[in-house]
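Novice: Got a structure for you, questions after.
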Amino acid sequence: MQHLVLIAFLSASFLFLHIPCARCADLNSDRQALLAFAASVPHGRKLNWTLTTQVCTSWVGIKCTPDGRRVRELRLPAVGLFGPIPSDTLGKLDALQVLSLRSNRLTISLPPDVASIPSLHSLYLQHNNLSGIIPTSLSSNLTFLDLSYNSFDGEIPLKVQNITQLTALLLQNNSLSGPIPDLHLPNLRHLNLSNNNLSGPIPPSLQKFPASSFFGNAFLCGLPLEPCPGTAPSPSPMSPLPPNTKKSFWKRLSLGVIIAIAAGGGLLLLILIVVLLICIFKRKKDGEPGIASFSSKGKAAAGGRAEKSKQEYSSSGIQEAERNKLIFFNGCSYNFDLEDLLRASAEVLGKGSYGTTYKAVLEDGTTVVVKRLKEVVAGKREFEQQMEIIGRVGQHQNAVQLRAYYYSKDEKLLVYDYMTPGSLCAALHGNRTAGRTTLDWATRVKISLEAARGIAHLHAEGGGKFIHGNIKSSNILLSQGLSACISEFGLVQLMAIPHIPARLIGYRAPEVLETKRQTQKSDVYSYGVLLLEMLTGKAPLRSPGREDSIEHLPRWVQSVVREEWTSEVFDADLLRHPNSEDEMVQMLQLAMACVAIVPDQRPRMEEVVRRIEEIRNSSSGTRSSPEDKLKEEAIQIT
């Protein structure tokens, strides 16, 4: 009997001693998985993941279960993660519920063991450069899946229809193809499949979503888009009256009644027209409402030049609950709030396709640039995520940094540093009077190199899907020392697909004019046009009567070169520097390579930077004539 008691006591003691060890093993296994991930994936931000610190309280981006036994959430947005997600690391976090690795530079495919974590209910991997197919082993407990702004291809997995708790499916801006599966997901509230290569009819279960959920898929059809070929339009939900009923109804009406009905309808139409005219007149008189309303005392000068008359912000369009929500980025030294900004005097700097830009001078003398966006279709979450990316990738000496932003339902404002003396457009095409300051060859090379470095930085830091989207000479700003900074980058993703203004067609790549989709290669094309603009002194604009504008600048340059070499190609101001002709020709060849019709034939921006550096650093020894150089290396644009 004593032996049995002793054995029972020892067994209980053994189990008691091992209970806390089992707890440690669970958290330790999570720790080892996370350390393996951090060791395999380079990251720019210090995570403080070490063996000597507490996982649940000291590790960046980690949140544990209430009892501290397991890792429940892993959130590492915009920390500079680079490269593939290794298998057998994060996939071992079998208690993980939330995984957010958005806004990094992750590549290759999404490991199936990560996508299939059984407890996972929220997966945020947007704004990376992940590729391959979407794993079919997605966790059936997912409620939020965001894989947007990556490079996933293949079809949308059919097994998505088994994720019955899914409330949000965001797959926009990938390269997905094939038909959309018929997803009978009762809880789905948010769907975005725009800007892919999907085809075929939109299934009935998804026709309740707006057309913006499917834009950018040229071969999709059916509600809410255009009807599919060969299909009849949907019948009206109202059943028509039987023919006999219609006839008997009109027979019962006398001629006098019919005339009275017609007269009443005409009078009502006249009243509506008068009311409409009064509203239009009142709106013109009162001005545009909203957070940045302006009592205009004049109109902005043509060509984007600054308006001299002063204007005052009005805060009447802001609700009390929305005030003082100006979001500043880390490291910003400005010390003002939204009310201060609204009280500042403002001067119109220009009106573009994205909105109106103002120079704002605050009461303490601080001067900033405020851009008021228009036609933003992105929701609050997507807008804030894009602002975060713009704020991160804009940290470069050749980019105008976004300092703060404001978001409300009706108004979106961006705050930038103010730069003088102005834009490259103004320097190239400003007042051509005697005694004006011109840009010499060395300065133009410097500007072109710095602009290229800025764009190359955006492409590298923002990931494969991040683009500038609006490269033009008015968006290249110059400092006092004529250093170049690119501006207005990353905004195209927030906007409705616009009708491209005629004045901007000259900067747009051919594929963009056709598909309305922009890529990093279309950025290269726009930059090539910018180079031609600096070389020729001619603006790629549709402007009748202006000698310094050529709507299709690449085609004009090619036609001149093919016919015969003349001095018409280069800006007359550059011909005053005869010792630079060889470099000018090399730069012209690079520009024409950038504007190749086929996107894959255009160089990447880092290659453009390298070639401009070589041109700038080339020796000034014996040079062949421009005619001989172009004959040796014919510029091809087909």
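With mature numbering (1 follows the signal peptide of the UniProt record, and there is no 0) applied, the sequence shown covers -24 to -1, 1 to 614. Don't be surprised by glycine CBs; every beta carbon is placed ideally from N, CA and C.
1. Assess contact between the segment 415 to 426 and the segment 335 to 342, defined as three or more Cβ pairs (one per stretch) separated by less than 8 Å. Is contact present?
2. Are there three or more Cβ pairs, one per stretch, closer than 8 Å when the segment 563 to 583 is compared with the segment 504 to 516?
3. So, Y392 versus L378, is the Cβ gap smaller than 8 Å?
4. If we call anything under 8 Å between Cβ atoms a contact, is L145 one with F128?
5. Alpha carbon to alpha carbon, how far is M581 from V500?
6. Just to confirm my understanding: we take I452, look at its own chain, exclude 5 residues before and 5 after, and list those with CB closer than 8 Å. What are they?
7. Which one of D122, N126, S153 and P155 has the shortest CA to CA distance from L142?
8. Which runs of the alpha helix (DSSP H) at least 4 residues long sit entirely within the segment 435 to 517? Give them in chain order.
9. Our contact map puts L50 next to L72 with C-beta atoms below 8 Å; I'd like the distance itself, whole angstroms only.
10. Check whether the segment 482 to 500 touches the segment 545 to 553, counting contact only when three or more Cβ pairs, one atom from each stretch, lie closer than 8 Å.
11. First and last residue of the alpha helix (DSSP H) that includes residue 624?
12. With DSSP as the reference, label S153 as helix, strand or coil.
13. Which residues in the same chain have their Cβ closer than 7 Å to the Cβ of F304, if we skip the five residues on either side of it in sequence?
14. Check the C-beta distance from L167 over to L182 and give it rounded, since I have them as a contact under 8 Å.
15. Which one or two residues does DSSP pair with E49 in a beta bridge?
16. Measure the CB-CB distance between I132 and V90 and report whether it falls below 8 Å.
17. Here's the rule: buried if 16 or more other CB atoms are within 10 angstroms of the residue's CB, otherwise exposed. What is Y100?
18. Under DSSP, the alpha helix (DSSP H) around A380 begins and ends at which residues?
19. For my contact list, Q371 and L470 are in at a C-beta cut-off of 8 Å; report their separation, rounded to the angstrom.
20. What residue range is occupied by the uninterrupted alpha helix (DSSP H) comprising V31?
21. Could you round the C-beta distance between residue 615 and L69 to whole angstroms and report it? I think they count as a contact, below 8 Å.
22. Out of curiosity, what's the CA-to-CA distance linking S292 and K347?
23. Taking C-alpha atoms, which residue in E437, N374 and T491 lies nearest to G457?
24. Using a Cβ-based criterion (distance less than 7 Å to any ligand heavy atom), does L389 qualify as near the ligand ADP?
25. Assuming G56 and R7 make a contact with CB atoms under 8 Å, what is their CB distance in whole Å?
26. Does the beta-carbon of K227 have 16 or more other beta-carbons within 10 angstroms, so that it is buried, or is it exposed?
27. Based on Cα-Cα distance, which residue from V17, V345 and Y382 lies nearest to R357?
28. State the CB to CB distance for the pair A54 and E364, rounded to an integer number of angstroms; the pair is presumed to be in contact (CB under 8 Å).
29. I'd like to know whether the C-beta atoms of A472 and E351 end up nearer to each other than 8 Å.
30. Taking just the CA atoms, how far does T343 sit from E315?
31. Less than 8 Å between the C-beta atoms of G439 and H160, yes or no?
32. What does V344 pair with, by DSSP beta-bridge criteria?
33. Are N149 and N171 close, meaning C-beta to C-beta below 8 Å?
34. Tell me, please, which residues DSSP counts as bridged to T83.
35. How would you call V(-20), buried or exposed, if buried means at least 16 neighbouring beta carbons within 10 angstroms?
36. In this structure, how does DSSP classify N593 when only helix, strand and coil are distinguished?
Specialist: Taking the structure as given:
1. These segments do not touch.
2. yes
3. Cβ distance < 8 Å, so Y392 and L378 count as in contact.
4. no
5. 7 Å
6. S399, L400, C401, I423, A427, A460, C461, I462, S463 and L506
7. D122
8. 486 to 491 and 496 to 512
9. L50 to L72, Cβ: 6 Å. Contact.
10. Contact between the segment 482 to 500 and the segment 545 to 553 is absent, with fewer than three C-beta pairs closer than 8 Å.
11. Because residue 624 is not part of the residues shown, which for the chain are -24 to 614, the question remains open.
12. strand
13. Non-local C-beta neighbours of F304 in its own chain, meaning closer than 7 Å and more than five positions away in sequence, comprise Y310, R379 and A380, ordered along the chain.
14. Right, the Cβ-Cβ distance comes to about 6 Å (below 8 Å), so this counts as a contact.
15. K39 and V74
16. no
17. buried
18. Looking at the DSSP string, A380 is not in any alpha helix (DSSP H); the run it does join, the beta strand (DSSP E), is L378 to Y383.
19. With a Cβ gap of about 20 Å, Q371 and L470 do not count as contacting.
20. For V31, the enclosing alpha helix (DSSP H) covers residues V31 to S34.
21. Missing from the structure shown is residue 615; the chain here goes from -24 to 614 and no further.
22. A caution first: S292 carries a pLDDT of 33, below 50, which makes its placement in the model too unreliable to give a value.
23. N374
24. The ligand ADP is absent from the structure shown, which contains no ligands of any kind.
25. So it is not a contact: roughly 22 Å between Cβ atoms.
26. With a pLDDT of 46 at K227, under the threshold of 50, the modelled position of that residue is not reliable, and the figure given next carries that caveat. Classification for K227: exposed.
27. Y382
28. 6 Å
29. yes
30. Per the coordinates, the alpha-carbon of E315 lies some 15 Å from the alpha-carbon of T343.
31. no
32. A336 and D393
33. In this structure, N149 lies near N171, with their beta-carbon atoms less than 8 Å apart.
34. P60
35. Caution applies to V(-20), whose pLDDT of 44 falls short of 50 and renders its modelled position unreliable; the value that the coordinates give is listed next. V(-20) comes out exposed.
36. helix
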